[in-house]
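Colleague: One structure is given below, represented as structure tokens, and several questions about it will come after.
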Ligand SMILES: [Fe+2]
């Protein structure tokens, strides 16, 4: 490995010593700069790309010992070799502990100096290469993690579609709920990360229905209390299914998606804003899609009826702030509601 094109900074308050070192190191092909005080050192480090500093410990004004921490913190990629008198070995060792790469003793043995410079530059090269490789690996890992996430999401979507395909009334439910929930999340200004969690939570919210009795699930009429309790087991079942696969925020979203804002839900443990925001969004998106779809026991409700129903439940079943965001999302304010026949709003849902 050759480092001869690299620039070294020789620091000593004695011009004769600087000249001696410069002659030796220039002769080996290095570019050499000189400095005799702290101001010159810092100026040169600022303006030139310095690979290595040979730093005299004893100088008038700020000593090499004082400058070393400043150089290492401001220019961590610059190697430092301390130049010291033989009786200052203890000080030199202290400098090594503070980040110096090596030390050489005065009077200089020029061959030892040359070797120390070569060694320090090789170590520096190695560290720079390792860091570059680490950055490359981190980028690759990030890229592959993204690809894996996409693959996983596609697999989950396929699984959810397969489950819903068994039921003619809920086919496409999770996909539609996801679209509505994301539109509400967008209206509420959620971060990219929260939006990603909301997407997963929405897609997976009813996955526990895989364990529900299809006869009860498709019953053409009002459910009894026992039947309702049975269907609602899809919440804890879903939580157990997804917990090993997704993060806590998504799990919580699924766990609380049937909670009522006022605490009136079945076996509910938390109330109001303690219910995760994603679950409060999901509750409205879920209800909206249920009402807009045909059911065995009723036809789809009109947009006017749905909006009135959701507004009626603001503050009881639903979080009023999320209701307001929902109404904005479908292009309605709190004081107006349109029926689909009068120009269907929310065609993006
Ligand atoms: Fe559900």
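In my numbering, the protein residues as written are 2 to 350. By construction, the Cβ of each residue, glycine as well, lies at the ideal position given by its N, Cα and C atoms.
(1) On a Cα-Cα basis, can you pick out the residue from 296, 299, 320, 324 that is closest to residue 308?
(2) Please tell me whether residue 42 and residue 68 are closer than 8 Å, where the distance is taken between their beta carbons.
(3) Taking only heavy atoms of ligand 1 into account, decide whether any of them is closer than 7 Å to the Cβ of residue 1.
(4) Per the DSSP calculation, residue 35 is bridged to which residue(s)?
(5) What number of angstroms, rounded off, separates the C-alpha of residue 250 from the C-alpha of residue 262?
(6) Going straight from the alpha carbon of residue 16 to that of residue 37, what length do you get?
(7) Going by beta carbon distance, what residues of the same chain come within less than 6 Å of residue 210, once the five residues before and after it are set aside?
(8) Assuming contact is defined by CB atoms lying nearer than 8 Å, are residue 114 and residue 9 in contact in what I supplied?
(9) Let me check understanding here. Comparing Cα to Cα, which of 70, 117, 80 lies closest to residue 99?
(10) Using CA atoms only, rank isn't needed, just tell me which of 48, 64, 279 is closest to residue 185.
(11) Count the other CB atoms, across all protein chains shown, that sit within 10 Å of the CB of residue 31; report buried if there are 16 or more and exposed otherwise.
(12) Using a Cβ-Cβ cut-off of 6 Å (strictly less than) and excluding sequence neighbours within five positions of residue 86, which residues of its own chain qualify?
(13) Taking 7 Å as the limit, name every residue whose beta carbon sits nearer than that to some heavy atom of ligand 1, in sequence order.
(14) Report all residues from its chain with a CB closer than 6 Å to the CB of residue 302; omit the five preceding and five following residues, and keep chain order.
(15) Between residue 126 and residue 175, is the Cβ-Cβ spacing less than 8 Å?
(16) Can you pull the DSSP bridge partners for residue 103?
(17) For residue 275, tell me which candidate among 288, 287, 258 has the shortest Cα-Cα distance.
(18) Which term fits residue 58, buried or exposed, when burial requires 16 or more other beta carbons within 10 angstroms of its beta carbon?
(19) Are residue 53 and residue 122 touching if we call contact CB-CB under 8 Å?
(20) Apart from the five residues just before and just after residue 282, which ones in its own chain have a Cβ nearer than 7 Å to its Cβ?
(21) Report buried or exposed for residue 153, applying the criterion of at least 16 other Cβ atoms within 10 angstroms of its Cβ.
(22) Who are residue 327's beta bridge partners in DSSP?
(23) Ordered along the chain, which non-local residues of its own chain (more than five positions away) have a Cβ less than 7 Å from that of residue 39?
(24) Distance, Cα to Cα, residue 288 vs residue 77?
(25) When DSSP labels each residue in this structure, what does residue 6 get in the three-state scheme?
(26) Let me confirm a value: residue 273 is counted as buried when at least 16 other C-beta atoms fall within 10 Å, else exposed. Which label applies?
(27) Report the CB separation of residue 285 from residue 319 in whole angstroms; it is logged as a contact under 8 Å.
(28) How big is the Cα-Cα spacing for residue 158 and residue 137?
(29) In chain order, what residues of the same chain lie with their CB nearer than 6 Å to the CB of residue 35, ignoring the 5 residues before and after it?
(30) Looking only at its own chain, which residues have a Cβ that is under 6 Å from the Cβ of residue 237, when we skip the five neighbours before and after it?
(31) Measure the C-alpha to C-alpha separation of residue 300 and residue 140 and round it to an integer number of angstroms.
(32) For residue 172, which of helix, strand or coil comes out of DSSP?
Modeller: So, from the data block:
(1) In the chain shown, residue 308 corresponds to position 307, counting from 1. Comparing Cα-Cα distances from residue 308 to each of 296, 299, 320, 324, the minimum goes to 324.
(2) Indexing the chain shown from 1 puts residue 42 at position 41. Indexing the chain shown from 1 puts residue 68 at position 67. Contact annotation: residue 42 and residue 68 have beta-carbon atoms nearer than 8 Å.
(3) What is shown of the chain runs 2 to 350, which leaves residue 1 out entirely.
(4) By one-based count along the chain shown, residue 35 stands at place 34. Residue 35 pairs with 11.
(5) Working through the chain shown from its first residue, we reach residue 250 at position 249. Working through the chain shown from its first residue, we reach residue 262 at position 261. Using only the alpha carbons, I get a separation of about 18 Å.
(6) By 1-based counting over the chain shown, the position of residue 16 is 15. By 1-based counting over the chain shown, the position of residue 37 is 36. Rounded to whole angstroms, the gap between the alpha carbons of residue 16 and residue 37 is 8 Å.
(7) Stepping through the chain shown from its first residue, residue 210 is reached at position 209. For residue 210, where only same-chain residues beyond five positions count, the Cβ hits under 6 Å are 235.
(8) The residue you call residue 114 lines up with position 113 of the chain shown. The residue you call residue 9 lines up with position 8 of the chain shown. No, the pair does not count as a contact, with Cβ atoms beyond the cut-off.
(9) Stepping through the chain shown from its first residue, residue 99 is reached at position 98. Looking at the Cα atoms, 70 is the closest of the given residues.
(10) By one-based count along the chain shown, residue 185 stands at place 184. Distance check between residue 185 and each of 48, 64, 279 places 279 closest, using alpha-carbon atoms only.
(11) Translated into the one-based positions of the chain shown, residue 31 becomes position 30. Here residue 31 is buried: its Cβ has 16 or more other Cβ atoms, across all protein chains shown, within 10 Å.
(12) Counted from its first residue, the chain shown places residue 86 at position 85. For residue 86, where only same-chain residues beyond five positions count, the Cβ hits under 6 Å are 107.
(13) For ligand 1, the selected residues are 206, 207, 235, 236, 258, 259, 287.
(14) The count along the chain shown starts at 1 and reaches residue 302 at position 301. Within the same chain, and ignoring the five residues on either side of residue 302 in sequence, the residues whose Cβ sits closer than 6 Å to its Cβ are 292.
(15) Start at 1 with the first residue of the chain shown, and residue 126 comes out as number 125. Start at 1 with the first residue of the chain shown, and residue 175 comes out as number 174. Result no, Cβ atoms of residue 126 and residue 175 do not sit closer than 8 Å.
(16) Residue numbering aside, residue 103 sits at position 102 when the chain shown is read from its first letter. Beta bridge pairing from DSSP links residue 103 with 82.
(17) Numbered from its first residue, the chain shown carries residue 275 at position 274. Nearest C-alpha to residue 275: 258.
(18) By one-based count along the chain shown, residue 58 stands at place 57. Buried.
(19) For the purposes of this step, residue 53 is taken as the residue at position 52 of the chain shown. For the purposes of this step, residue 122 is taken as the residue at position 121 of the chain shown. Yes, the pair counts as a contact, with Cβ atoms nearer than the cut-off.
(20) By one-based count along the chain shown, residue 282 stands at place 281. The residues 182, 185, 186, 199, 323, in chain order, have a CB closer than 7 Å to that of residue 282 in the same chain once the five nearest residues on each side in sequence are set aside.
(21) To locate residue 153, count along the chain shown from 1; it is residue 152. With fewer than 16 other Cβ atoms within 10 Å, it is exposed.
(22) Counting from one through the chain shown, the residue named residue 327 turns up at place 326. Note: residue 327 sits in no beta bridge, so no partner.
(23) Taking the first residue of the chain shown as position 1, residue 39 is located at position 38. Counting only Cβ-Cβ distances below 7 Å, and skipping sequence neighbours, we find 62, 63, 68.
(24) The sequence position of residue 288 within the chain shown is 287, counting from 1. The sequence position of residue 77 within the chain shown is 76, counting from 1. So the two alpha carbons sit approximately 58 Å from each other.
(25) Here the question's residue 6 lines up with position 5 in the chain shown. Residue 6 falls in the coil class under three-state DSSP.
(26) Residue mapping note: residue 273 aligns to position 272 of the chain shown, counting from 1. By the 10 Å Cβ count, residue 273 comes out exposed.
(27) Residue 285 sits at position 284 when you count from the first residue of the chain shown. Residue 319 sits at position 318 when you count from the first residue of the chain shown. Their Cβ separation, rounded to whole angstroms, is 5 Å, which keeps residue 285 and residue 319 in contact under 8 Å.
(28) The count along the chain shown starts at 1 and reaches residue 158 at position 157. The count along the chain shown starts at 1 and reaches residue 137 at position 136. Between residue 158 and residue 137, the C-alpha separation is close to 32 Å.
(29) Here residue 35 is taken as the residue at index 34 of the chain shown, counted from 1. If we look at residue 35 and ignore the five residues flanking it on each side, its Cβ neighbours are 11, 19.
(30) For the purposes of this step, residue 237 is taken as the residue at position 236 of the chain shown. Taken in chain order, the list of residues that qualify is empty.
(31) As a working note, residue 300 is residue 299 in the chain shown. As a working note, residue 140 is residue 139 in the chain shown. So the alpha carbons of these two residues sit roughly 52 Å apart.
(32) Taking the first residue of the chain shown as position 1, residue 172 is located at position 171. Here residue 172 sits in coil by DSSP.
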